[in-house]
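Visitor:
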Amino acid sequence: MDDLIVIENVTKRYGKTTALSNVSLKVKKGEIVAIVGPNGAGKSTLIKVSLGLLRRDGGKVLIFNKDPFYDPSAREKIGVIFERPSLPISMPIIEFLTHVSKIYNKSPSNIKEVIDLVGLAGNENKAFSQLSAGQRQRAAIAHALIAEPEIIIADEPTSNLDPVERNKILDLFLKINKEKDLTIIISSHVLPEILRVSSKITIMKSGKILKVGEPDDIVKNISIARIRCKDPSIIKEILEKNGFYVNVEGGNIYVKTEDNEKTSILLNLISDQVKKGQQVYGIELIEPGIEEILEG
Ligand code: ADP
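Residue numbers (this note's numbering): 482 to 777.
1. Under 7 Å Cβ to Cβ from G523, same chain only, skipping five residues before and after it: list those, please.
2. Going by C-alpha to C-alpha distance, which of I715, F654, D697 sits closest to G638?
3. For the ligand ADP, is there a heavy atom less than 8 Å away from the beta-carbon of Y495?
4. If contacts are defined as beta-carbon pairs under 8 Å, then V530 and V542 qualify, I think. What distance do you get, rounded to the angstrom?
5. What does DSSP give as the partner residues of R707 in its beta bridges?
6. Give the DSSP-derived three-state secondary structure of S505 in the structure shown.
7. Please report how far the alpha carbon of I675 lies from the alpha carbon of L527, in whole angstroms.
8. Could you tell me which of L626, F577, I699, K757 sits nearest to V786, measuring between CA atoms?
9. Mind checking which residues open and close the alpha helix (DSSP H) that includes V514?
10. Please list, following the chain, all residues that have a C-beta closer than 6 Å to any non-hydrogen atom of the ligand ADP.
11. Considering only their Cβ atoms, is the gap separating N733 from D709 smaller than 9 Å?
12. Could you round the C-beta distance between I486 and V508 to whole angstroms and report it? I think they count as a contact, below 8 Å.
13. Are L598 and A623 touching if we call contact CB-CB under 9 Å?
14. Identify the residues that DSSP records as bridge partners of M572: which are they?
15. Go ahead and label R619 buried or exposed: buried means 16 or more other beta carbons lie within 10 angstroms of its beta carbon, across all protein chains shown.
16. When the Cβ atoms of the stretch 602–611 are set against those of the stretch 567–577, are three or more pairs found closer than 8 Å?
17. Where I666 and I633 are concerned, what is the direct C-alpha to C-alpha distance, given to the nearest angstrom?
18. Tell me whether the stretch 534–541 and the stretch 694–701 touch, counting them as touching only if at least three CB pairs, one residue from each stretch, are closer than 8 Å.
19. By DSSP, does L532 sit in helix, in strand, or in coil?
20. State the DSSP-derived secondary structure class of V491, mapped to helix, strand or coil.
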């Protein structure tokens with residue numbers, strides 16, 4: 482069986498709030514599946530229901546062919562990482578991981594390998610409280626890896642980090658996926674950064690899955706052009722006359738283009754304006770966010 486996780490028509494309510502409505506998702510071995518959506522979309526609830534940590538109101542959940550709500554052994558091969566990991570504050574990381582390794586009856590030889598893999602070599606004698614936010618997340622990933630799981634589920638593992646560290650942690654998940662052949666599920670509210678590392682993107686909003694696909698299918702050829710110029714109102718008018726939908730924010734012009742042909746027309750229009758003497762300081766194509774994908 483290729484599907485390690487099967488979620489079918491799952492519904493979850495908290496009182497009057499429907500947090501998940503008929504959600505279905507399959508995760509195959511070796512995939513990196515991103516669950517992307519704004520705050521309140523239902524990502525954490527989906528993760529908790531998938532792990533069997535919350536009772537669902539309807540639908541089916543199978544992990545390795547077992548229902549984790551009724552059979553917790555389904556979770557044995559899953560490592561879970563949360564947004565703000567909490568490990569013992571004052572215990573050196575190496576000591577903590579040694580305890581964890583013993584609990585799972587694993588060979589102590591894999592502790593060093595895991596520490597090297599997550600990039601904590603040289604910091605193993607520091608306590609959790611002495612680590613930076615990124616290093617704490619690495620320690621949490623080490624904790625999850627010590628048990629030699631087959632699946633890693635990470636709930637917003639980068640939301641507490643700065644942009645540089647976010648990308649480094651995402652790179653680490655990619656490395657773990659390749660080197661350890663682990664299946665990974667990551668939730669995030671930031672689409673562009675997760676596109677790079679995922680094999681499948683699931684877009685959620687208001688408790689529903691709105692789109693599922695490979696990163697290229699999700700983004701298609703949508704791109705957003707950010708134009709910096711001296712007089713946004715003139716460029717805005719020209720672009721709108723040519724059928725573009727234009728937003729001006731903070732002195733920048735944002736234009737959405739849905740295909741390569743439109744992007745080319747846009748670039749030509751801007752180039753014409755530059756030739757006519759308009760001062761354009763820069764034009765960048767940026768990856769679309771969740772809202773642009775959903776509108777597109
Ligand atoms: P996300 O992880 O995408 O931010 P959540 O799964 O945390 O979304 O929340 C989905 C919806 O369920 C939101 O409307 C949220 O307010 C609600 N919710 C989440 N947890 C609880 C709870 N324990 N009790 C009541 N409502 C909750």
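No residue lacks a Cβ here, since even glycine has one placed at the ideal position from N, Cα and C. Remember, it's a predicted structure, so these values are computed and weren't measured experimentally.
Guide: Looking at the coordinates:
1. A500, L501, M685, G688
2. At residue 638 the sequence reads Pro, which differs from the Gly that was named. It is F654 whose Cα lies nearest to the Cα of P638.
3. yes
4. Contact flag correct, Cβ pair sits at about 6 Å.
5. Y735, E765
6. strand
7. Distance between the alpha carbons of I675 and L527 is about 18 Å.
8. This structure does not reach residue 786, given that the chain is present from 482 up to 777, and the question cannot be answered.
9. V514 -> not in any alpha helix (DSSP H); beta strand (DSSP E) instead, spanning 513–517.
10. Y495, T498, A500, G518, N520, G521, A522, G523, K524, S525, T526
11. The amino acid at residue 709 is misidentified as Asp; the sequence shows Arg. It is a contact, given that the beta carbons lie within the stated cut-off.
12. 4 Å between Cβ atoms; contact.
13. Result yes, Cβ atoms of L598 and A623 sit closer than 9 Å.
14. Bridge partners of M572: none, in fact.
15. Buried.
16. yes
17. Taking the CA atoms as reference points, I666 sits about 6 Å from I633.
18. no
19. coil
20. Three-state result, V491: strand.
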